[in-house]
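Beneath this line is the structure, given in structure tokens, with notes to follow.
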Amino acid sequence: MCMHPRAMSAMSFSPTLLVTTASVSPAQASKYVPLGRTSLQVSRIGVGTLQWGDPGSGFGTSYGEPELSIAFQELLKGGINFIDTAEVYGYQGIKNGTSSEQLIGKFAKEHTEGAPIIATKFFTIPWTNFLVGGGLRIGRKSLLDALRASLKRLGRKRVDLYQIHFPFPTLSNAALMESLKEAVELGLTTAVGVSNYSKKQMEEADDLLASYGVPLASNQVCFNLLQRDPDKNGLLTSCKERNISLIAYSPLCSGRLTDKALLKIDSKSAKIKPLLELMQKIGANHEGMSITQVALSYLIAKGAIPIPGCKNEYQAKSHCELMDQSLTMEEVQMLEEAASYI
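As structure tokens, then:
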């Protein structure tokens, strides 16, 4: 669920589209942005690979390795270089070599059009070994063991960004940050980040890493036009103040912010219709951007790095078009006003 409905109905809001030549958001001034305080330059939009290799998401039935390989190639050709995965994504295919990490590793060797910046994650639950193998996850060494296993699946000696998937009580923030520091020292990762961390947890992690001289590069959280908690609770502001990249997963709110969603409006989803229609109108003023593209452009304008899913060539090309598209700050404000009624 992306957002709880507000009491005021969006049906009472009917925004008027403003055709404007106002300035573009500073966050969109470049196609590539630094990943936090690191030397890594990532495309301002990346791709998430949660569904890659996952039969529950249609892998092996509605799409497969050939479609993903073509999509990967199109992403690199179009300038998108930031690919996010995790050790548990598509874990069902590890034995067959078709987990998300394994597919990315294979595609990176097959397609040399660009140099992908690959991010993966450490799953903090102790019994993750039942999914991906290895031992019980207790103590700092378990992170390093998991990272080495991820590198083997990726076919790399070093990953670009290694992230803590989410905080979990069995491993303290202090222990996790010390393990990340060791991973950097051992040359197993270039940069380190966190995911699903609150403002307080992120700031603590940043301070702990700073004591080792290691920058916290990123925090990956749920952020979209219908779920704007990071913008409301101070997390996004803290990221900007500390120069930590905010990576936005679920940028389309599980399909609610897409062109298909507008076509499927019913009595239960009627409140979102004015917002989607506004997005459609804004897109028309930007060389026919789709609702999906407007939703992603909104996050770019806010200074986040959205990582939508991508399962085929069409989606890859659509994402790549956003490397050259920008919303105005007035349009961002209009979208937020419309979304506030939902």
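Residues -29 to -1, 1 to 313, numbered by mature numbering (1 follows the signal peptide of the UniProt record, and there is no 0), are exactly what the sequence shown covers, in order.
For every residue, glycine included, the Cβ atom is placed at its ideal position computed from N, Cα and C.
query: Backbone secondary structure at residue 92 - three-state DSSP; result: strand
query: Of the listed residues 21, 245, 5, nearest to residue 233 (C-alpha basis); result: 245
query: Separation of residue 174 from residue 181, as counted between CA atoms; result: 10 angstroms
query: Exposed unless 16 or more other CB atoms sit within 10 angstroms - verdict on residue 273; result: buried
query: Straight-line gap, residue 254 to residue 128 (C-alpha atoms, nearest Å); result: 42 angstroms
query: For residue 51 and residue 94, the rounded distance between their alpha carbons; result: 26 angstroms
query: C-alpha distance - residue 61 paired with residue 25, whole-angstrom precision; result: 4 angstroms
query: Sequence-distant residues of its chain with Cβ nearer than 6 angstroms to residue 103 (five each side left out); result: 58, 62
query: Among 68, 200, 196, 206, the one whose alpha carbon lies nearest that of residue 189; result: 206
query: Coil, strand or helix - residue 278 by DSSP; result: coil
query: Continuous alpha helix (DSSP H) assignments of at least 4 residues falling wholly in the segment 172 to 227; result: 200 to 203, 206 to 213
query: Buried/exposed call for residue 37, threshold 16 Cβ in 10 Å; result: exposed
query: Contact check, residue 193 vs residue 221, beta carbons under 7 angstroms; result: yes
query: Residue 59 - DSSP class collapsed to helix/strand/coil; result: coil
query: Residues sharing a beta bridge with residue 162, DSSP; result: 132
query: Reduced DSSP secondary structure (H/G/I, E/B, other) of residue 40; result: helix
query: Beta-carbon contacts of residue 137 that lie in its chain and below 7 angstroms, excluding the five residues immediately before and after; result: 95, 166, 167
query: Residues near residue 7 by beta carbon distance below 8 angstroms, same chain, minus five either side; result: 162, 164, 186, 187, 188, 189, 214, 215, 216
query: Residues near residue -15 by beta carbon distance below 8 angstroms, same chain, minus five either side; result: Summary for residue -15: the model assigns pLDDT 38, below 50, so the residue's position carries little reliability; its value from the coordinates is reported in the next sentence. Closer than 8 angstroms at Cβ, skipping near neighbours: 245, 249, 305, 308, 309.
query: Beta carbon of residue 229 nearer than 7 angstroms to that of residue 262; result: yes
query: The segment 144 to 163 contacting the segment 107 to 125, beta-carbon criterion three pairs below 8 angstroms; result: yes
query: Helix, strand or coil at residue -5 according to DSSP, with G and I counted as helix; result: Its pLDDT being 49, under 50, residue -5 is placed unreliably in this model, and the value from its coordinates should be taken loosely. DSSP places residue -5 in coil when its eight states are reduced to three.
query: Alpha-carbon to alpha-carbon, residue 81 and residue 3; result: 24 angstroms
query: Exposure label - residue 101; buried when at least 16 CB within 10 Å; result: exposed
query: Neighbourhood of residue 53 by C-beta, 6 angstroms cutoff - its chain only, sequence neighbours within 5 removed; result: 13, 14, 17, 88
query: Where residue 299 falls: helix, strand or coil (DSSP); result: strand
query: Helix, strand or coil at residue 254 [DSSP, three-state]; result: helix
query: Per-residue DSSP class, three states only, for residue -10; result: Residue placement at residue -10 is poorly supported in this model, since its pLDDT is 35, which falls under 50; the coordinates still yield a value, given next. Reduced to three states, the DSSP call for residue -10 is coil.
query: Euclidean distance between Cα positions of residue 110 and residue 146; result: 8 angstroms
query: Segments assigned alpha helix (DSSP H), at least 4 residues, entirely inside the segment 73 to 124; result: 100 to 103
query: Residue of 20, 198, 197 minimising C-alpha distance to residue 92; result: 20
query: CB of residue 76 within 7 angstroms of CB of residue 31, strictly; result: no
query: Pair within 7 angstroms by beta-carbon distance, residue 90 and residue 142; result: no
query: 8 angstroms contact criterion, which residue 34 and residue 282 should meet: CB distance rounded; result: 5 angstroms
query: Integer Cβ distance of residue 159 from residue 119, believed to fall under 8 angstroms; result: 7 angstroms
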